[in-house]
Structure formats: structure tokens, C-alpha cells
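Here's the structure, in C-alpha cells; my notes come after.
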Amino acid sequence: MMVKYTKHAKKNVVIRLIPPVAGVLLLAFIFLLTTYMAKQTVSGVADETLLYARQTCERYDNYVSDDKTKDLINLQEKAISIAMYEQYGVTIHKDILDAYVVDGNLTGVVVTDKAGNCVLSSGEDAQILFEKELKDDSVSQILEHPEKSYMERLQIGEKTYDFAVVAREGVTGLILCYHEVELRPMGVNEISLDTMLSGHQFKMDGMVVITNGEIVLNTNENHVQGQSVVGCPIDITDDTAWREGRITKLKYNGKRWYGRQMRYKQYRLYVVYPSSQVFATRTTILAFSTAVYIFFLLVLTFLRNRSAQNTMREMQKQFRIINAVGSIYKLNLLIHLDTGEWEAIKMPGEVGAVLQKQATAKVMLESYIQNFVGQAYRGAYQKFVNLSDLDERLKGESYITFVSENDFGICACSILTPQCWDAKGHVTSVVFAVRDVTADIQKMKQKQMGALA
Numbered sequence: 001m002m003v004k005y006t007k008h009a010k011k012n013v014v015i016r017l018i019p020p021v022a023g024v025l026l027l028a029f030i031f032l033l034t035t036y037m038a039k040q041t042v043s044g045v046a047d048e049t050l051l052y053a054r055q056t057c058e059r060y061d062n063y064v065s066d067d068k069t070k071d072l073i074n075l076q077e078k079a080i081s082i083a084m085y086e087q088y089g090v091t092i093h094k095d096i097l098d099a100y101v102v103d104g105n106l107t108g109v110v111v112t113d114k115a116g117n118c119v120l121s122s123g124e125d126a127q128i129l130f131e132k133e134l135k136d137d138s139v140s141q142i143l144e145h146p147e148k149s150y151m152e153r154l155q156i157g158e159k160t161y162d163f164a165v166v167a168r169e170g171v172t173g174l175i176l177c178y179h180e181v182e183l184r185p186m187g188v189n190e191i192s193l194d195t196m197l198s199g200h201q202f203k204m205d206g207m208v209v210i211t212n213g214e215i216v217l218n219t220n221e222n223h224v225q226g227q228s229v230v231g232c233p234i235d236i237t238d239d240t241a242w243r244e245g246r247i248t249k250l251k252y253n254g255k256r257w258y259g260r261q262m263r264y265k266q267y268r269l270y271v272v273y274p275s276s277q278v279f280a281t282r283t284t285i286l287a288f289s290t291a292v293y294i295f296f297l298l299v300l301t302f303l304r305n306r307s308a309q310n311t312m313r314e315m316q317k318q319f320r321i322i323n324a325v326g327s328i329y330k331l332n333l334l335i336h337l338d339t340g341e342w343e344a345i346k347m348p349g350e351v352g353a354v355l356q357k358q359a360t361a362k363v364m365l366e367s368y369i370q371n372f373v374g375q376a377y378r379g380a381y382q383k384f385v386n387l388s389d390l391d392e393r394l395k396g397e398s399y400i401t402f403v404s405e406n407d408f409g410i411c412a413c414s415i416l417t418p419q420c421w422d423a424k425g426h427v428t429s430v431v432f433a434v435r436d437v438t439a440d441i442q443k444m445k446q447k448q449m450g451a452l453a
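Numbering (full-length UniProt numbering), first residue to last: 1 to 453.
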């Protein structure tokens, strides 16, 4: 039976697929590894940036707190000054309050009796504005403990007020001074939250956004400054979209960004980075790895083509030898010692009818001996074609031969020629050829008989 080339073809395909498959797997591993490393890196950078943003908020809060404290203390001192009028026997009336409001740069003053009811006031809607605050327990306690005072900044409607409450001197009651807080132009050395991050460049082109849940208070991107969080191009309105304590992927300006958020007091802090910066190192490593891999494939292809050319030349040489042998020998078979398979190079019809049904080289040779070797030669012929020790018998030999005769007196010369060797020098395949030498032997016998005569 002739050997099919399917197994060899499949084996070659598998071998050829190993480099590209291994390369793809290696690049995939590098991609996953560098992606993980990039996310770890951006997570660390985000922590640093958010810490800086938090410290910015802390500095601003401390500044505002100090400024607020100074204003409230100043307002308290003005309230105490009014209370001192009564201590020195001066009766407080409307004209005095109006003049004091103007001189003290106040918005208004409210004077109450021991029940907390307004008895005198200066300033528009003074009594109405602070009616609720005058009933507060903290303020009411001042009536029982005149040594105490109360100061606060609060929002009433759309306006912000500072107010201070102290006890009256000599008369039971309260004096409330208040002042509307207005934004004043910043001095050279003053700070504002909406300018503390403006124009700041962060690592990896990070964009920092600080909001109070309603508007963007501060950012290093001017086009986002002052916008409502609803209209902000970064999705910061949906807290569920942000993964707590982890890097979150989102879209901004049609591109992918990676960000992180943090809460500090009334502030919400966000930092986002463009994916091009997050994965810049990954892109570089992948590009370099791909270039190295392509170079490796080119070298491998060059070596493979060179090897294929050498193999082709060797095959052409063997083919010429086989063609030459085929013109002389009536039977040519290629036997693979390593697999036990065989294939026909040249096989006459009558021989093929007997041998082509045999699956292995050993069975095929046994069939050949039984059908085409005479009884007297079979034992020696079996030793000649014994495949188990053929490698040993061929060492140092170009070929080995055996002359036999069949039952019909036809003489044949069989030859075994090594064709392929493995890496250790062992023969892996041989050519088994048979030539009809009946005429040659008869001529030789005639010469011998002529010499004897």
C-alpha cells in the first residue's frame, strides 16, 4: 500500500503555524500585561492628583474660614460697642442705630427685650430677616447667660449674612448686628477656589474638576469652568457610573478617558486622563515587540527558504538518481525505517497486484519473498531485507546487494541504498530496488564454460 502524504502535509502545516500562533499569544500576553500595568500606574497618578486637589480645597477652606472668623469677630465687637452705650447711661433710639449702621458699615441692627421681641431696629426688613434666628435656643441662652455671645454666617434666600448677637448692658435683652457678605475684588495675595487650579498642568495631561454637586467650581480646563454639572462634558452627574475607589472608563469629546473621583466635605473631586496618555507606554512596548516579532519572522522565513532550496536541490539530485536507477531496475520502492511505511517509485503491474495490498514495509517484503523469491533463497533473503538491523548493516556502506532466483529460474539482483538520515546519523529511509540479471548470469556462465573448454 502506498503511503499518503496527508500526515506529512499536516505536520508541515502545524510546524509552520507554530511561529505565528506563538507570536500572537506572546503579543496578547504583552498587551494584557501592559494594560494592567498602565491601569495600576494611572491609579497611582490619580491618587496623587486627587490628593493635590483635596489639599487645594483644604487651603481654600482654611483661607475662607480665617477670613470669615475675622469678619464675625469684627461684627461681634461692633455689637458690643452698641451694648456699651446703655452701660454708660445712653438710651439707644432709632437715630443712634441708623447713625451707627452707617458709621460701622453694617447692613442692620436689631434690639430686643427680655422676651426676644424686637423693640428697635435699623435696616430694611431687619426684624423679619432674623426673626427665626432670634428664637433659636443658642441665641435665647444669651438672655440667661449674658457673658455669652453668638456669631454665625448663614444663607437667607439668595443672600449671605454674617450676624453677631450679644446681651444688652443694664437691661435684659439682645443686640443683633448683621452684615451682608458681598464678593469683593481679590487682592494680589488673596486666593479664590475658581483660580487655584486654572492653567495647572498635571501628569499624563490629567483634567481635574471640582464641583459642589451643582456647578464646576474649579478646573484646569477653562472651557469647563463655571458650567453646570448637568452640562459638563464629563459625566459627573451619575455617581453610579463611577466605580468606587477604582479607575472608571468614560467618554469625553468622542474619545475614551479614564478617571477617578473623591469626596471631601461639600466638594466632589474628579480627575480624568485621555486613553492615549494612559496607554502610551503600552503602545510603545507593543510597537517595539511587533517590530521585533516581524524581524524574527523575516529571519525565520529567510532561513526556511534557504533550507527549502537546499532540500529541493537534494531532492532533485535524488530524483535524478532514482530516474537513473529506475531505467535499470524493474522494481523501485522507498521504505521508511522510522515509520515502517513504504511507497512505490516504480512497480510493474504483476508485482503491484501482489504488493500494493500490503500496509507495512515488513508485510510487503514478506509477501515479495513468498511470491518472487525461490524456495532455496528465502532464508537468506529474509536476513537481507530484515529491517530491524538494516541500519547497522548499512554503516559505512553505500549500498548492499543480494542475488536470488525465483522458482522459474529468473535471476534478480536486489539492492538496498540508504536515502535519508536523522540528526544522529541513523538511516531513516532506504530504496529497495530489484533488477533482472538473468542474461548477465547466463553470459557469465558461458564465459566460464568457454574458459574451461
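Using N, Cα and C, we set each Cβ at its ideal position, and we do this for glycine too.
Model, not experiment: these values are computed from the prediction.
Inset, instruction - For GLY44, count neighbouring Cβ atoms within 10 angstroms of its own Cβ and tell me buried if that reaches 16, exposed if not. - result: Counting from one through the sequence shown, the residue named residue 44 turns up at place 44. Residue burial is scored here from C-beta neighbours: GLY44 has fewer than 16 other C-beta atoms within 10 angstroms and is therefore classed as exposed.
Inset, instruction - Go ahead and pull the three-state DSSP assignment for GLU343. - result: Taking the first residue of the sequence shown as 1, we reach residue 343 at position 343. In the displayed model, GLU343 falls within a strand according to three-state DSSP.
Inset, instruction - Out of PHE130, VAL431, CYS411, ARG59, state which residue places its alpha-carbon closest to the alpha-carbon of ASP440. - result: For this step, residue 440 is matched to residue 440 along the sequence shown. Looking at the Cα atoms, CYS411 is the closest of the given residues.
Legend entry - Inter-stretch contact at 8 Å, needing at least 3 Cβ pairs: the stretch 302-315 / the stretch 350-362: Segments in contact, no.
Legend entry - Short Cβ contact (8 Å threshold) for VAL271 with LEU50: Taking the sequence shown and counting its residues from 1, one reaches residue 271 at position 271. Taking the sequence shown and counting its residues from 1, one reaches residue 50 at position 50. Result yes, Cβ atoms of VAL271 and LEU50 sit closer than 8 Å.
Inset, instruction - Answer yes or no: do LYS39 and ILE285 have a C-beta to C-beta separation smaller than 8 Å? - result: Here residue 39 corresponds to residue number 39 of the sequence shown, with the count starting at 1. Here residue 285 corresponds to residue number 285 of the sequence shown, with the count starting at 1. No; because the gap between Cβ atoms is not below 8 Å, this pair is not in contact.
Legend entry - Check whether LEU120 and LYS78 have beta carbons under 8 Å apart: Residue numbering aside, residue 120 sits at position 120 when the sequence shown is read from its first letter. Residue numbering aside, residue 78 sits at position 78 when the sequence shown is read from its first letter. For LEU120 and LYS78, no; Cβs fall outside 8 Å.
Inset, instruction - Determine the contact status of VAL351 and LEU334, defining contact as a CB-CB distance below 8 Å. - result: In the sequence shown, residue 351 corresponds to position 351, counting from 1. In the sequence shown, residue 334 corresponds to position 334, counting from 1. In terms of Cβ geometry, VAL351 and LEU334 do not form a close pair [threshold 8 Å].
Legend entry - Residue from ASP98, THR41, SER414 whose Cα sits closest to the Cα of ILE400: By one-based count along the sequence shown, residue 400 stands at place 400. Nearest neighbour of ILE400 by Cα position, chosen from ASP98, THR41, SER414, turns out to be SER414.
Legend entry - DSSP-derived helix/strand/coil call for ILE175: Stepping through the sequence shown from its first residue, residue 175 is reached at position 175. In the three-state reduction of the DSSP assignment, ILE175 falls in the strand class.
Inset, instruction - Compare the beta carbon distance of LYS132 and GLY173 with 8 Å and say whether it is the shorter of the two. - result: Walking along the sequence shown from the start, residue 132 turns up at place 132. Walking along the sequence shown from the start, residue 173 turns up at place 173. Not a contact, by the Cβ cut-off of 8 Å.
Legend entry - Beta-carbon proximity list for CYS57, same chain, < 6 Å, skipping 5 on both sides: Position 57 of the sequence shown holds residue 57. Cβ-Cβ distances below 6 Å link CYS57 to TYR264, TYR267 in the same chain, with the five nearest sequence neighbours on each side left out; the list follows chain order.
Legend entry - Neighbourhood of ILE80 by C-beta distance below 6 Å, restricted to the same chain and skipping five residues each side: Taking the sequence shown and counting its residues from 1, one reaches residue 80 at position 80. Closer than 6 Å at the Cβ level, and outside the excluded window around ILE80, lie VAL166.
Legend entry - Helix, strand or coil at ARG54 [DSSP, three-state]: Counted from its first residue, the sequence shown places residue 54 at position 54. Collapsing the DSSP output to three states places ARG54 in a helix.
Inset, instruction - Note down the Cα distance separating VAL188 from MET207, rounded to an integer number of angstroms. - result: In the sequence shown, counting from the first residue as 1, residue 188 sits at position 188. In the sequence shown, counting from the first residue as 1, residue 207 sits at position 207. No answer about VAL188 holds up, because its pLDDT of 37 lies below 50 and its placement is not dependable.
Legend entry - Whole runs of the beta strand (DSSP E) within the stretch 53-128, excluding any shorter than 3 residues: You should have 108-112, 118-122.
Legend entry - Terminal residues of the alpha helix (DSSP H) in which ASN371 lies: By one-based count along the sequence shown, residue 371 stands at place 371. Run containing ASN371: 361-372, per the alpha helix (DSSP H) assignment.
Inset, instruction - Figure out for me which residue from LEU143, ALA164, GLU86 has the closest Cα to the Cα of TYR150. - result: Start at 1 with the first residue of the sequence shown, and residue 150 comes out as number 150. Checked all of LEU143, ALA164, GLU86; the closest Cα to TYR150 is ALA164.
Legend entry - Assigned secondary structure, ILE15 (DSSP; H/G/I helix, E/B strand, else coil): Here the question's residue 15 lines up with position 15 in the sequence shown. If DSSP states are grouped into helix, strand and coil, ILE15 belongs with the helices.
Inset, instruction - Counting only the same chain and skipping the five closest in sequence on each side, list residues whose C-beta sits under 7 Å from that of THR438. - result: Within the sequence shown, the letter at position 438 stands for residue 438. Short of 7 Å from the beta carbon of THR438, and not among the five residues preceding or following it, lie these beta carbons of its own chain, in chain order: ILE410, CYS411.
Legend entry - Unbroken alpha helix (DSSP H) run spanning TYR381, endpoints: What you label residue 381 is simply residue 381 of the sequence shown in a count that begins at 1. Taken as a continuous stretch (DSSP letters only), the alpha helix (DSSP H) holding TYR381 covers 378-384.
Legend entry - Per-residue DSSP class, three states only, for PHE402: Here residue 402 refers to the residue found at position 402 when the sequence shown is read from its first residue. DSSP places PHE402 in strand when its eight states are reduced to three.
Inset, instruction - Alpha carbon to alpha carbon, how far is ARG54 from PRO185? Give it in angstroms, no decimals. - result: As a first step, residue 185 must be located in the sequence shown, where it is residue number 185. As a first step, residue 54 must be located in the sequence shown, where it is residue number 54. Residue confidence is low: PRO185 scores 43 on pLDDT, short of 50, so the model does not pin down where it sits. Its coordinate-derived value is still stated next. Taking the straight line joining both Cα atoms gives about 25 Å.
Legend entry - Close beta carbons around MET1, own chain, < 7 Å, minus the five adjacent residues each side: Translated into the one-based positions of the sequence shown, residue 1 becomes position 1. Low local confidence applies: a pLDDT of 38 at MET1 is under 50, so the model's placement there is unreliable, and no value is given.
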